[in-house]
Amino acid sequence: MKQTQGFGGDEPHYLVLTHSLLVDQDIQIENNHQNRDYWGFHPGELPMHYLARGREGVIYSIHAPGLPALLLPAYAVAGHWGALALVGLMAALAALAVFDLAAIIASPPIALATWAAVALTVPFGLQSWLVFPEMPAALLMAWAALWIWRDPPERMWVWVARGAALSLLPWLHMKFSLLLFVAGLWLAFRLLPRVRLVVALLAPIGVSGVLWLGSFYVMYGDVNPTVAYGYSQGAELDWVNVPRGLLGLSFDQEYGLLPYSPIFAASLVGAWLMARRREMRGYLIGVLLVIGPFLASTTNYYMWWGGGSVPARFVVPILPLLAPMIAVAFRELRSPAARGALGAALAYSVVVFVTVVARPGAMLMYNDRDGTGRLVETLQAGVPLTATLPSFIDPDILVQLPMTTVWLAAAVFAAIATRLVVRRTGSGAYVSAVLAALLFGGAGTVLAAVALPDTVPDATVRGGRQRLLAAYADPRLDVFGYAAGGGRGHWLSDAELFERTTLELQVDAESTDPGRLTQPFDLPAGRYDLLVWFAERQMVDGHVFVSYDRTAGVVARAHGRATNPAVVPVDLPVDLRSLRIGATSAELARTVTAVALVPRELAPSAQRGDVGRVRAVKPIGERVGAYMLFMDLNTFVESETNWVQGAHVSELLISPADAATMRVRIRNGGADNRIVVTAGEQTQTLVLAAWETSEVVVAVVDGGPGLIPVSVAPDGGFVPAEVEPGSTDRRLLGCTVTVELDS
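Here numbering that gives the first Met the number 0 is used: position 77 in the sequence shown is 76, and no number is missing along the way.
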């Protein structure tokens, strides 16, 4: 699995920190990146992850040093594979603690089922071979839960050791400091009135907390932990995000917990059963006091899913706390219907985990934030399941509530119907499990078709046409069709195929966001006509546009004062996923009645090179087919310009269309800088003063590659808040990059 997928996301950054601790005995990462110490586990360039420089301009990683410190012994012995093995050992210990916890409450078979529900499902099972801080945090919380359930030992040194272990939490990640605070108070309350044990527990936690805050002062000159994050610049923290984040972590088809592991719904039933038992209420209250604030602080971020990560990664540390609830549900729910439902949920959850693991090359554990789950896309075939499942990537949660309600209603119906049928027939648990699964799937399908009458048919047609376009000109396939009025079929010509694969997009007149008037759709590389119909001749300024992947990167635009319908040519140099139709104003959006994309010419599927994931798209002037394609997240793509992060390498692909010359214009930021620019076959090193401009000119060769690679690598940068009066921008900015094309 790991050899196929490699170390991705933030994993190589944690390993770089581990290497720095081993070789340099520090956590200053600049020299490690300059020496490419990461090549053993990350081939290619790896930009430094930091948002603020420390004292005297020293660069410290934005990632906390706690996990690298834990991995250091294993890394010293066996390198990155040793570090990964240690993460796996932590996962095994956490799973063992889950089993022990469940065994205190119920029988060994139930403890085994609880262990499987937590350890052999998404996301816990996936995190067991990912170098992230969530797994050691989960181990500590699993131990804390065990310490709560068991009778406390009277030896002080035991509680000193336990306090020292828990005190590692903020060193793993700043967000875990809240877990430490609440869990520490919970354990201290459990130890009362034995004051000496309370002191033994809290003393190392207090010392560690002071050292943790002091470390930021030593490195950055400020005890505020957010200083390392540029004081959370750009994090988009807002309590308004919490409802969306909670719904997303629960139900989102890409990053939610329950679509992958519905067995965790049993923890809600178990919590209700525990609330009815006096001897268990204390644990339940403690768990709620830990989980509630942690989830609220986590979902306070706009990006509640955690960037490029496996589903529900942020909830991994609190999953062991749910083990007693799941065990109680297994123990108390004894009817065949209830056991069948639990068995079906557990079987589905484990099968999903096995499916994801069995196909590592398909990367089913990772998603693209496009509103459709990769696993669902793989399983759905021609059935538009993705159109009926909720996605809370978009901030407009009201649009997703009908889909969420459909599947919740299906679950309730399946539970009630299974219970009634089993009562009458006397069926056993196995029959009940099959019946519950069939009723849930059938009820969800029927309710979706009834409650979402426009969504399902439209998604079915659109999905079929998109798959046909994607397979275009495959030498192994020929397209056969029938006339509209019936009659004999015939092989379709390209013109007939293009006519039948026209994407007629349903416009959401009720959308609260004019930038998202349609559901996302995919287009292969090729030439299209964008047709936009308006309710009346327009007197409103603005544009109707095609945007890419929620980045607001405009691919094409139709003017609001255009003829009816407006016809705009669109030339895509690469396949693009998650395109949408939007408008520049709500007033203009209300007049859009229909949108269609008509294929005119497509590149054969065998000739479409895989350029990887395009992070953002920006058109170059008004030239059709001319784009800047940003291939990483190291550039802040803005409406007027594009800021490359300081000390990062930005990789781009330029589609020059029919231009003869390409000019890559570099404008340095507010500090002297050295910038290495590669454009096509040329590489130039620019030494620029603050705000100085230079450019690299490249001739576009006829018949040459359709995409020209460009990389921009500034050595350093500046923080606007430190040089511009009144600015609150704490980003480290290197230079801007723009492209001009000449005929």
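Cβ coordinates follow ideal geometry from the N, Cα and C atoms, glycine included.
Quick caveat: nothing in here was measured; it's all calculated off a predicted structure.
So what does DSSP say about F629, is it helix, strand or coil?
-> Against the sequence shown, residue 629 aligns to sequence position 630. Three-state DSSP puts F629 in a strand.
Test item: CB-CB of P618 and V554 under 8 Å | Within the sequence shown, residue 618 is the residue found at index 619, counting from 1. Within the sequence shown, residue 554 is the residue found at index 555, counting from 1. Contact: yes.
Do L467 and T500 come within 8 Å of each other at the CB atom, strictly closer than that value?
-> Here residue 500 refers to the residue found at position 501 of the sequence shown. Here residue 467 refers to the residue found at position 468 of the sequence shown. If you check the CB distance, T500 and L467 come in under 8 Å.
Assigned exposure category for Q252 - 16 Cβ within 10 Å defines buried = Along the sequence shown, one-based indexing puts residue 252 at 253. Looking at its Cβ environment, which holds 16 or more other Cβ atoms inside 10 Å, Q252 is buried.
Start and end of the beta strand (DSSP E) containing D521?
-> The residue you call residue 521 lines up with position 522 of the sequence shown. Looking at the DSSP string, the run of the beta strand (DSSP E) that includes D521 is 520 to 522.
Does the region 375 to 390 touch the region 446 to 463, meaning 3 or more C-beta pairs lie closer than 8 Å?
-> The region 375 to 390 and the region 446 to 463 touch, with three or more beta-carbon pairs separated by less than 8 Å.
Inter-residue spacing [alpha-carbon to alpha-carbon] between L476 and T3 = Within the sequence shown, numbered from 1, the residue matching residue 476 stands at position 477. Within the sequence shown, numbered from 1, the residue matching residue 3 stands at position 4. L476 and T3: Cα-Cα distance of roughly 30 Å.
Could you check which residue in P169, P108, V449, T113 has the C-alpha nearest to that of P135?
-> On the sequence shown, residue 135 is found 136 positions in, with the first residue counted as 1. The shortest C-alpha separation from P135 is found at P169.
Give me the Cα-Cα distance between A534 and T590, rounded to the nearest whole angstrom.
-> As a position in the sequence shown, residue 534 is number 535, starting the count at 1. As a position in the sequence shown, residue 590 is number 591, starting the count at 1. Rounded to the nearest angstrom, the two C-alpha atoms are 5 Å apart.
Secondary structure at V700, three-state DSSP: helix, strand or coil?
-> For the purposes of this step, residue 700 is taken as the residue at position 701 of the sequence shown. Coil.
With a 10 Å radius around its C-beta and 16 neighbouring C-beta atoms as the bar for buried, classify I665 as buried or exposed.
-> Position 666 of the sequence shown, counted from the first residue, corresponds to residue 665. I665 is buried by the Cβ-count criterion.
Touching by the beta-carbon criterion (3+ pairs, under 8 Å), the region 643 to 654 and the region 715 to 731 | yes
Selected residue, minimal CA-CA separation from E600, among R612, D570, W128, I653 = By one-based count along the sequence shown, residue 600 stands at place 601. Residue D570 is the option with its Cα nearest to E600.
Roughly how far, in whole angstroms, is the beta-carbon of G213 from the beta-carbon of V222, given that I think they are within contact range, below 8 Å?
-> Your numbering for residue 213 matches position 214 in the sequence shown. Your numbering for residue 222 matches position 223 in the sequence shown. 7 Å between Cβ atoms; contact.
Status (buried if at least 16 other CB within 10 Å, exposed otherwise) for N563 = Against the sequence shown, residue 563 aligns to sequence position 564. Counting Cβ neighbours within 10 Å, N563 comes out exposed, since fewer than 16 surround it.
Tell me whether G525 sits in a helix, a strand or coil according to DSSP, three-state version.
-> Taking the sequence shown and counting its residues from 1, the one referred to as residue 525 is at position 526. DSSP places G525 in strand when its eight states are reduced to three.
Proximal residues to R276 (C-beta, below 7 Å), its chain only, five neighbours per side dropped = Here the question's residue 276 lines up with position 277 in the sequence shown. Answer for R276: no residue qualifies.
Any 3 or more C-beta pairs closer than 8 Å across the region 70 to 80 and the region 8 to 27 | Counting Cβ pairs under 8 Å, three or more are found: they touch.
For H489, does the count of other Cβ atoms within 10 angstroms reach 16, so buried, or fall short, so exposed?
-> One-based indexing of the sequence shown puts residue 489 at position 490. H489 should be labelled exposed.
Determine the closest residue to A264 out of A344, V241, D237, with distance taken between C-alpha atoms.
-> Sequence index remark: in the sequence shown, residue 264 carries index 265 (1-based). Looking at the Cα atoms, A344 is the closest of the given residues.
Could you pull out every residue in the same chain whose Cβ sits closer than 8 Å to the Cβ of L21, ignoring the five residues on either side in sequence?
-> Taking the sequence shown and counting its residues from 1, the one referred to as residue 21 is at position 22. Same-chain partners within the cutoff: L71, Y74, A75.
Delimiting residues of the alpha helix (DSSP H) encompassing F123 | Here the question's residue 123 lines up with position 124 in the sequence shown. Note, F123: alpha helix (DSSP H), 123 to 126.
Would you mind sorting N672 into buried or exposed? The rule is 16 or more other CB atoms within 10 Å of its CB.
-> Translated into the one-based positions of the sequence shown, residue 672 becomes position 673. Under this definition N672 is a buried residue.
So G679 and V696 are in contact, right, with Cβ under 8 Å, and what is the actual spacing, rounded?
-> The count along the sequence shown starts at 1 and reaches residue 679 at position 680. The count along the sequence shown starts at 1 and reaches residue 696 at position 697. About 10 Å separates the two Cβ atoms, so there is no contact after all.
Report back the beta-carbon spacing between T113 and I325 to the nearest angstrom; my notes put them in contact at under 8 Å.
-> Start at 1 with the first residue of the sequence shown, and residue 113 comes out as number 114. Start at 1 with the first residue of the sequence shown, and residue 325 comes out as number 326. That belief holds up - the Cβ atoms of T113 and I325 are roughly 5 Å apart, short of 8 Å.
For G244, collect the residues of the same chain with a Cβ closer than 6 Å to its Cβ; drop the 5 residues on either side in sequence, then sort them by chain order.
-> Working through the sequence shown from its first residue, we reach residue 244 at position 245. Here the set comprises T298, W303.
Apart from the five residues on each side of it in sequence, which residues of its chain come closer than 6 Å, Cβ to Cβ, to G462?
-> Walking along the sequence shown from the start, residue 462 turns up at place 463. Excluding residues within five positions, the ones whose Cβ falls inside 6 Å are P383.
When the Cα of F123 is compared with those of S334, T454, Y37, F352, which residue comes out closest?
-> Here residue 123 refers to the residue found at position 124 when the sequence shown is read from its first residue. It is F352 whose Cα lies nearest to the Cα of F123.
For the putative contact between L596 and Y547, defined by C-beta atoms under 8 Å, what is the C-beta separation to the nearest angstrom?
-> Here residue 596 corresponds to residue number 597 of the sequence shown, with the count starting at 1. Here residue 547 corresponds to residue number 548 of the sequence shown, with the count starting at 1. Actually they do not touch by this definition, with Cβ atoms about 14 Å apart.
Look at the alpha carbon of L502 and the alpha carbon of D473, and state the distance between them as a whole number of angstroms.
-> On the sequence shown, position 503 is the one that residue 502 refers to. On the sequence shown, position 474 is the one that residue 473 refers to. The alpha-carbon atoms of L502 and D473 are separated by roughly 20 Å.
Can you tell which of V722, V711, V449, V226 has its C-alpha closest to the C-alpha of T735?
-> Along the sequence shown, read from residue 1 onward, the residue named residue 735 stands at position 736. Closest option to T735, Cα to Cα, is V711.
Determine the closest residue to G541 out of V86, G514, A602, F6, with distance taken between C-alpha atoms.
-> As a first step, residue 541 must be located in the sequence shown, where it is residue number 542. Here the closest residue by C-alpha is G514.
Taking DSSP as the reference, what is the three-state secondary structure of T517?
-> Counting from one through the sequence shown, the residue named residue 517 turns up at place 518. Here T517 sits in coil by DSSP.
Where does Q505 sit, in a helix, a strand or coil, going by DSSP?
-> Translated into the one-based positions of the sequence shown, residue 505 becomes position 506. Coil, per DSSP.
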